[in-house]
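Student: Structure incoming, see below.
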Amino acid sequence: MIDFSYLDLCAISVLLTLIISTIIRKSFKGLSNRLFFLELICLFLCTACYITYSMILKKSEFTEPYIKLAYVFIYFYYFFKSFIIPIALCYVLSLLGNFSTHTRSIYFRLLIILLVLVPLVYVFSNLISHRLFYINHTMTIVTSRAFVFLYINNFFECLLCLFTIFIYRNLLNKKRYIQVFLIFPFILGLTIYLSFFPNEEIELFAYAMAVYLVFITSQRPELVVNSHTNANTLFLFMDKFTKLYKMRSSGCIIFIKIVNCDNINLYIGLARYNEFLTKLSSIFMDIIKKEKIFADLYYLENSVFAIYVEKNSASEIQFVSQQIAKILQEKIYFQVFEILTDARICIVRNPEDISSSEYIHYFIKNFHLVVPKTNNAFWLKDISATKEFRMKYEIEKILDRALRNNFLEVYYQPIYSIKEDNFHSAEALIRLKDPEYGFIPPKVFLPGAEDNGSIFEIGNFVFDTVCKFIASEQFKKSGLRYIEVNLSTSQCVEANLVEKVMNYITKYGISPSQLRLEITENASEFNPVIFEQNVQALHQRGISFALDDYGTGYSNIGKIISLPIDVIKLGKSFVDEIDDPEMLIVIKDTIKMLKTLGKEILAEGVEDERVVRIFKELKCDLIQGCEYIQGFYFSKPLPEKDFLHFINQQHLV
Numbered sequence: 011m012i013d014f015s016y017l018d019l020c021a022i023s024v025l026l027t028l029i030i031s032t033i034i035r036k037s038f039k040g041l042s043n044r045l046f047f048l049e050l051i052c053l054f055l056c057t058a059c060y061i062t063y064s065m066i067l068k069k070s071e072f073t074e075p076y077i078k079l080a081y082v083f084i085y086f087y088y089f090f091k092s093f094i095i096p097i098a099l100c101y102v103l104s105l106l107g108n109f110s111t112h113t114r115s116i117y118f119r120l121l122i123i124l125l126v127l128v129p130l131v132y133v134f135s136n137l138i139s140h141r142l143f144y145i146n147h148t149m150t151i152v153t154s155r156a157f158v159f160l161y162i163n164n165f166f167e168c169l170l171c172l173f174t175i176f177i178y179r180n181l182l183n184k185k186r187y188i189q190v191f192l193i194f195p196f197i198l199g200l201t202i203y204l205s206f207f208p209n210e211e212i213e214l215f216a217y218a219m220a221v222y223l224v225f226i227t228s229q230r231p232e233l234v235v236n237s238h239t240n241a242n243t244l245f246l247f248m249d250k251f252t253k254l255y256k257m258r259s260s261g262c263i264i265f266i267k268i269v270n271c272d273n274i275n276l277y278i279g280l281a282r283y284n285e286f287l288t289k290l291s292s293i294f295m296d297i298i299k300k301e302k303i304f305a306d307l308y309y310l311e312n313s314v315f316a317i318y319v320e321k322n323s324a325s326e327i328q329f330v331s332q333q334i335a336k337i338l339q340e341k342i343y344f345q346v347f348e349i350l351t352d353a354r355i356c357i358v359r360n361p362e363d364i365s366s367s368e369y370i371h372y373f374i375k376n377f378h379l380v381v382p383k384t385n386n387a388f389w390l391k392d393i394s395a396t397k398e399f400r401m402k403y404e405i406e407k408i409l410d411r412a413l414r415n416n417f418l419e420v421y422y423q424p425i426y427s428i429k430e431d432n433f434h435s436a437e438a439l440i441r442l443k444d445p446e447y448g449f450i451p452p453k454v455f456l457p458g459a460e461d462n463g464s465i466f467e468i469g470n471f472v473f474d475t476v477c478k479f480i481a482s483e484q485f486k487k488s489g490l491r492y493i494e495v496n497l498s499t500s501q502c503v504e505a506n507l508v509e510k511v512m513n514y515i516t517k518y519g520i521s522p523s524q525l526r527l528e529i530t531e532n533a534s535e536f537n538p539v540i541f542e543q544n545v546q547a548l549h550q551r552g553i554s555f556a557l558d559d560y561g562t563g564y565s566n567i568g569k570i571i572s573l574p575i576d577v578i579k580l581g582k583s584f585v586d587e588i589d590d591p592e593m594l595i596v597i598k599d600t601i602k603m604l605k606t607l608g609k610e611i612l613a614e615g616v617e618d619e620r621v622v623r624i625f626k627e628l629k630c631d632l633i634q635g636c637e638y639i640q641g642f643y644f645s646k647p648l649p650e651k652d653f654l655h656f657i658n659q660q661h662l663v
């Protein structure tokens with residue numbers, strides 16, 4: 011008679027705990043998690059059947075009802091046991107990232123079916139022949155020599171798992187490789203041991219300990235499911251992508267970036283924005299399910315989603331992308347809000363469009379910069395040949411070349427004073443002329459400089475050049491009062507910004523009043539404390555400030571009141587809409603409000619005489635509407651020499 015073992019109770023307790031923990035943590039996202047949970051259920055049922063028939067054999071008499079009941083649970087035990095290692099093999103392949111690739115193969119599917127059916131057929135043949143095992147009058151299971159086939163089958167299945175892990179070892183990092191690899195030699199050794207000592211009751215406990223080891227080392231739901239969107243995480247995406255790229259497995263990735271995420275965030279608040287991301291995630295998943303494509307949804311942080319599609323045709327992927335684009339082009343109704351998204355959608359083929367697995371990190375951060383500014387979906391292969399794409403793709407190399415070889419130059423655009431009827435200042439603007447690509451627009455290289463940190467070197471170059479120019483005799487003769495210098499978002503929160511600016515002023519012996527710094531509203535969003543400290547400290551030292559692009563996005567009047575801003579620069583959106591009677595009312599009301607706060611107004615982006623005349627004559631309750639005008643009507647930005655010539659010519663007129 012088989013003795014009941016406390017190890018089996020420990021095994022079922024461990025398995026039940028793991029099942030409950032998995033349910034509580036909702037660890038069902040992703041193929042690996044689902045297979046692991048299936049393995050837990052299978053092992054739990056297998057152990058429960060084993061414990062049940064063991065208790066029947068131990069506690070019951072040798073009667074036909076008990077014998078039949080014991081046989082029922084014995085066969086159920088072998089039924090569930092036949093699935094344990096095949097599921098484990100599928101789990102390993104899912105960790106390797108090539109499960110879906112193998113499932114396309116008829117041979118692999120046949121192999122899995124055989125791994126399950128062969129032991130099942132062999133065991134259930136005992137119903138007819140009784141040649142494998144039977145229950146004797148002492149309520150003990152008696153096994154024959156033919157029973158060793160089951161151990162041989164287990165041995166073969168373990169070897170197959172080990173071989174699979176070894177073949178694809180380059181797809182796992184060292185830590186994960188050791189974790190997964192050591193489990194199967196453990197089961198293999200257990201199989202050999204039990205083939206010699208079949209009465210030892212340690213098998214199920216050993217299986218339970220093996221899955222527990224996997225649970226504590228590999229099953230981490232916070233790395234799998236994003237808490238804000240319920241989509242798969244960046245970690246899971248990179249893990250899968252890296253493996254598929256190394257295997258050169260074909261597939262497509264639909265990248266989706268919500269470009270105006272900051273504005274939406276300010277509009278509805280951070281908590282609601284996270285809920286909005288969840289809504290977007292649900293919308294994308296509904297499209298995937300509706301179109302019945304084989305795909306996984308990922309949230310890659312910073313309002314970037316990715317849909318990894320492995321099996322579908324290009325036309326199906328294009329259709330799904332267009333469906334997503336269509337939804338993002340329309341208003342999305344969210345709670346009490348109507349939200350318009352500005353999205354970029356790009357479809358990338360793997361591995362054809364990707365030069366290296368490391369490149370995808372850069373692409374995730376920057377693809378929205380190279381995709382045309384529409385909500386339509388674009389294939390990377392269709393836009394990657396353009397000059398602008400190549401510039402953006404190689405922007406780090408271009409910036410490095412520019413800084414090493416002095417390809418940067420400061421241009422100046424004059425600012426016209428309506429009251430004085432002359433040019434009394436100018437804005438300094440950085441330009442980059444590359445020997446390969448020629449002039450590269452600031453909208454291309456400045457975002458790249460922000461991303462890789464070279465914006466600080468560029469900023470230092472601008473400060474040094476401008477301060478040197480202000481200290482020159484030519485500047486003194488020009489009659490200009492000051493030069494405006496733009497501060498990037500990163501510079502605004504630079505810890506040593508105040509010291510740096512004052513050092514340049516001291517170095518060239520100029521007055522702080524000859525330097526005016528331009529800032530943008532969104533700069534304060536990144537680190538409002540340091541931002542405000544820098545602005546206040548520089549203002550106390552005599553440097554004035556201008557707020558650039560007022561009216562773009564969601565302008566915050568509170569920041570204008572709290573910060574020592576002298577000049578408000580009306581964004582080009584105001585200027586372009588000045589012919590609209592309703593917009594003109596908005597412009598007048600805006601100027602009146604800013605005047606009440608003691609601010610001076612500059613209209614930028616003015617390109618024709620008629621608009622100049624409107625701003626010159628603009629009055630708001632008898633108050634002069636605008637002090638300054640800047641734009642191509644007067645002059646485009648010019649190199650220092652040409653700029654001085656332009657200013658001197660104006661004095662002669």
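The opening residue of the sequence shown carries number 11 in my numbering; numbering runs sequentially from there. Ideal Cβ positions, reconstructed from N, Cα and C, are used throughout, including at glycine. Source: prediction; values computed, not measured.
So the alpha helix (DSSP H) Asp474 belongs to, where does it begin and stop?
Tutor: Locating residue 474 in the sequence shown gives position 464, counting from the first residue. That run of the alpha helix (DSSP H) goes Ile465 to Ile480.
Student: Could you tell me the boundaries of the alpha helix (DSSP H) in which Ala335 lies?
Tutor: Here residue 335 is taken as the residue at index 325 of the sequence shown, counted from 1. Per DSSP, Ala335 belongs to the alpha helix (DSSP H) from Ala324 to Gln339.
Student: I need the DSSP call for Leu350, collapsed to helix, strand or coil.
Tutor: In the sequence shown, residue 350 corresponds to position 340, counting from 1. Coil.
Student: Going by DSSP, what residue range makes up the alpha helix (DSSP H) through Cys502?
Tutor: Locating residue 502 in the sequence shown gives position 492, where the first residue counts as 1. Counting along the chain, the alpha helix (DSSP H) containing Cys502 begins and ends at Thr499 to Cys502.
Student: Suppose you measure from the CA of Lys336 to the CA of Ile405; what does that come to, to the nearest Å?
Tutor: Translated into the one-based positions of the sequence shown, residue 336 becomes position 326. Translated into the one-based positions of the sequence shown, residue 405 becomes position 395. Rounded to whole angstroms, Lys336 to Ile405 spans 31 Å at the Cα level.
Student: Alpha helix (DSSP H) containing Leu292: first to last residue?
Tutor: Numbered from 1 along the sequence shown, position 282 holds the residue referred to as residue 292. This sequence places Ser at residue 292; Leu is not what is there. First-last of the alpha helix (DSSP H) with Ser292: Leu280 to Glu301.
Student: Can you tell me the Cα-Cα spacing of Tyr318 and Asp306, whole angstroms?
Tutor: Counted from its first residue, the sequence shown places residue 318 at position 308. Counted from its first residue, the sequence shown places residue 306 at position 296. Taking the straight line joining both Cα atoms gives about 5 Å.
Student: How is the beta strand (DSSP E) around Gln423 delimited, first residue to last?
Tutor: As a working note, residue 423 is residue 413 in the sequence shown. Start and end: Leu418 to Ser427.
Student: Using the Cα positions of Arg44 and Ser498, report the straight-line distance between them to the nearest angstrom.
Tutor: Here residue 44 refers to the residue found at position 34 of the sequence shown. Here residue 498 refers to the residue found at position 488 of the sequence shown. Taking the straight line joining both Cα atoms gives about 47 Å.
Student: Three or more beta-carbon pairs under 8 Å between the stretch 498-510 and the stretch 474-487, yes or no?
Tutor: At 8 Å Cβ cutoff, the stretches do not touch.
Student: Are the Cβ atoms of Gly635 and Phe625 separated by less than 8 Å?
Tutor: In the sequence shown, counting from the first residue as 1, residue 635 sits at position 625. In the sequence shown, counting from the first residue as 1, residue 625 sits at position 615. Result yes, Cβ atoms of Gly635 and Phe625 sit closer than 8 Å.
Student: Could you tell me which of Tyr421, Asn284 and Tyr277 sits nearest to Ala241, measuring between CA atoms?
Tutor: For the purposes of this step, residue 241 is identified with residue 231 of the sequence shown, where counting begins at 1. Considering only alpha carbons, the answer is Asn284.
Student: Could you tell me which residues DSSP puts in a beta bridge with Ser554?
Tutor: The sequence position of residue 554 within the sequence shown is 544, counting from 1. Note: Ser554 sits in a beta bridge opposite Arg526.
Student: May I ask which residues mark the beginning and end of the alpha helix (DSSP H) holding Ser115?
Tutor: Position 105 of the sequence shown, counting from 1, holds the residue named residue 115. First-last for Ser115: undefined, no H or E at that position.
Student: With 8 Å set as the bound, which would you pick, yes or no: does the beta-carbon of Trp389 sit closer than that to a beta-carbon of chain C?
Tutor: Among the chains in the structure shown there is no chain C, since it carries only a single protein chain.
Student: Taking Gln546 as the reference, give the member of Tyr560, Leu573, Asn532 and Leu527 with the closest Cα.
Tutor: In the sequence shown, residue 546 corresponds to position 536, counting from 1. Considering only alpha carbons, the answer is Leu573.
Student: Hey, out of Ile30, Ala218, Ile293 and Phe159, whose CA is closest to Phe21's CA?
Tutor: Your numbering for residue 21 matches position 11 in the sequence shown. For the record, residue 21 in the displayed sequence is Ala; it is not Phe. Looking at the Cα atoms, Ala218 is the closest of the given residues.
Student: I'd like the ranges of any beta strand (DSSP E) spanning at least 3 consecutive residues and lying wholly in the stretch 424-454.
Tutor: Listed in chain order, they are 432-444 and 448-450.
Student: By DSSP, does Val381 sit in helix, in strand, or in coil?
Tutor: Position 371 of the sequence shown, counted from the start, is the residue given in the question as residue 381. Looking at Val381 - three-state DSSP - the assignment turns out to be coil, as it is neither helix nor strand.
Student: Can you name, in chain order, every residue of its own chain whose Cβ lies under 6 Å from the Cβ of Pro361, other than the five neighbours on each side?
Tutor: Within the sequence shown, the letter at position 351 stands for residue 361. Correct list, in chain order: Tyr255 and Arg258.
Student: For Tyr222, which of helix, strand or coil comes out of DSSP?
Tutor: Within the sequence shown, numbered from 1, the residue matching residue 222 stands at position 212. Helix, per DSSP.
Student: Assuming Gly741 contacts Ser523 under a Cβ cut-off of 8 Å, what Cβ separation, rounded to an integer in Å, is found between them?
Tutor: This structure cannot speak to residue 741, because the chain is shown only from 11 to 663.
Student: Look at the alpha carbon of Lys68 and the alpha carbon of Met149, and state the distance between them as a whole number of angstroms.
Tutor: Against the sequence shown, residue 68 aligns to sequence position 58. Against the sequence shown, residue 149 aligns to sequence position 139. Roughly 7 Å separates the two Cα atoms.
Student: Would you mind working out which of Glu637, Pro649, Asp586 and Tyr16 sits nearest Asp618, comparing C-alpha positions?
Tutor: To locate residue 618, count along the sequence shown from 1; it is residue 608. Of Glu637, Pro649, Asp586 and Tyr16, the residue nearest in Cα terms is Asp586.
Student: Strictly by DSSP, which residues pair up with Glu614?
Tutor: Start at 1 with the first residue of the sequence shown, and residue 614 comes out as number 604. Gln640.
Student: Could you tell me how far apart the beta carbons of Tyr492 and Glu650 are, in whole angstroms, since I believe they sit closer than 8 Å?
Tutor: In the sequence shown, residue 492 corresponds to position 482, counting from 1. In the sequence shown, residue 650 corresponds to position 640, counting from 1. That belief does not hold up - the Cβ atoms of Tyr492 and Glu650 are roughly 16 Å apart, past 8 Å.
Student: What residue from Val269, Ala156, Phe251 and Glu610 has the CA that sits closest to Asn376's CA?
Tutor: Indexing the sequence shown from 1 puts residue 376 at position 366. Closest option to Asn376, Cα to Cα, is Val269.
Student: Given a cut-off of 8 Å on the beta-carbon distance, is the pair Cys262 and Ile355 in contact?
Tutor: Looking up residue 262 in the sequence shown gives position 252. Looking up residue 355 in the sequence shown gives position 345. No.
Student: In terms of residues, what are the limits of the beta strand (DSSP E) holding Phe143?
Tutor: Along the sequence shown, one-based indexing puts residue 143 at 133. Taken as a continuous stretch (DSSP letters only), the beta strand (DSSP E) holding Phe143 covers Phe143 to Ile145.
Student: Would you kindly work out how many angstroms separate the C-alpha atoms of Asp652 and Phe315, rounded to a whole number?
Tutor: On the sequence shown, residue 652 is found 642 positions in, with the first residue counted as 1. On the sequence shown, residue 315 is found 305 positions in, with the first residue counted as 1. When rounded, the distance between both Cα atoms is 47 Å.
Student: If you reduce the DSSP assignment to three classes, tell me which class Pro647 lands in.
Tutor: Reading the sequence shown from its first residue, position 637 is the one you call residue 647. Note: Pro647 maps to coil in three-state DSSP.
Student: So for Phe344, helix, strand or coil by DSSP?
Tutor: As a position in the sequence shown, residue 344 is number 334, starting the count at 1. Residue state, collapsed to three classes: strand.
Student: Give the secondary structure of Ile355 by DSSP, where H, G and I count as helix, E and B as strand, and everything else as coil.
Tutor: The residue labelled residue 355 in the question sits at position 345 within the sequence shown. The answer is strand: DSSP assigns Ile355 an E or B state.
Student: If Gly463 sits next to Gln501, beta carbons under 8 Å apart, how far is it from one beta carbon to the other, in whole angstroms?
Tutor: Numbered from its first residue, the sequence shown carries residue 463 at position 453. Numbered from its first residue, the sequence shown carries residue 501 at position 491. Contact doesn't hold; Cβ gap of about 11 Å is too wide.
Student: Please classify Val596: is it buried, with 16 or more other beta-carbons within 10 angstroms of its beta-carbon, or exposed?
Tutor: Sequence index remark: in the sequence shown, residue 596 carries index 586 (1-based). It counts as exposed.
Student: Let me check understanding here. Comparing Cα to Cα, which of Tyr117, Ile571 and Ile575 lies closest to Phe555?
Tutor: Translated into positions along the sequence shown, residue 555 becomes position 545. If we check each option's Cα against that of Phe555, Ile575 comes out closest.
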